[in-house]
Amino acid sequence: MKRIFKRILSIGLRKSKRYKTKEDVYVKLEKSFRKNQIDDISLSGLSFYYNENGHAIGKGSRYLKLQAGSCHTVEPIRFKVASDTNVGESMLPNNKIRRLSLHFKGVTFRQRRQLKDLIKHHSL
């Protein structure tokens, strides 16, 4: 009950509107070897689902890169982890589906413009 109430409050208090993304928008953390599909994005952060299977998902990373299709990219952005929660079990043993939410830090004017362009062309 407490989690539901906290979620309702956080939805109403967001600084920036969240946008669902199309299927070709990916994030890659600095110290990670794989790209992950972005679930939703805003000018202040993003979130995505990933399969926790024992491999690090960029622990200790400070920067992330965004890529949409082949033409839209965003310069590396600093971030901090807002939440990393377990959302379900996978069909494979010892695997869990997790949702990672990131908050952008120190976004420059150029990065903000690139983010707006990416959201404009690759959101639903």
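Under my numbering, think of the first position of the sequence shown as 33, with each following residue one higher.
Where a beta carbon is used, it is the ideal one built from N, C-alpha and C, also for glycine.
{"Item": "Identify the residues that DSSP records as bridge partners of Ala-114: which are they?", "Value": "Ala-114 is not bridged to any residue."}
{"Item": "Should Asp-67 and Lys-60 be called a contact, given that it needs their Cβ atoms to be closer than 7 Å?", "Value": "Note that residue 67 is Lys in the sequence shown, not Asp. Yes, they are a contact pair."}
{"Item": "Alpha carbon to alpha carbon, how far is Ser-133 from Ile-109?", "Value": "14 Å"}
{"Item": "Curious, which full-length beta strand (DSSP E) runs of at least 3 residues does the region 48-79 contain?", "Value": "57-61, 68-73"}
{"Item": "Around the C-beta of Gly-77, are 16 or more other C-beta atoms found within 10 angstroms, so that it is buried, or is it exposed?", "Value": "buried"}
{"Item": "Using the three-state DSSP reduction, which class does Lys-152 fall into: helix, strand or coil?", "Value": "helix"}
{"Item": "Does the distance from the C-beta atom of Tyr-82 to that of Arg-145 stay below 7 Å?", "Value": "no"}
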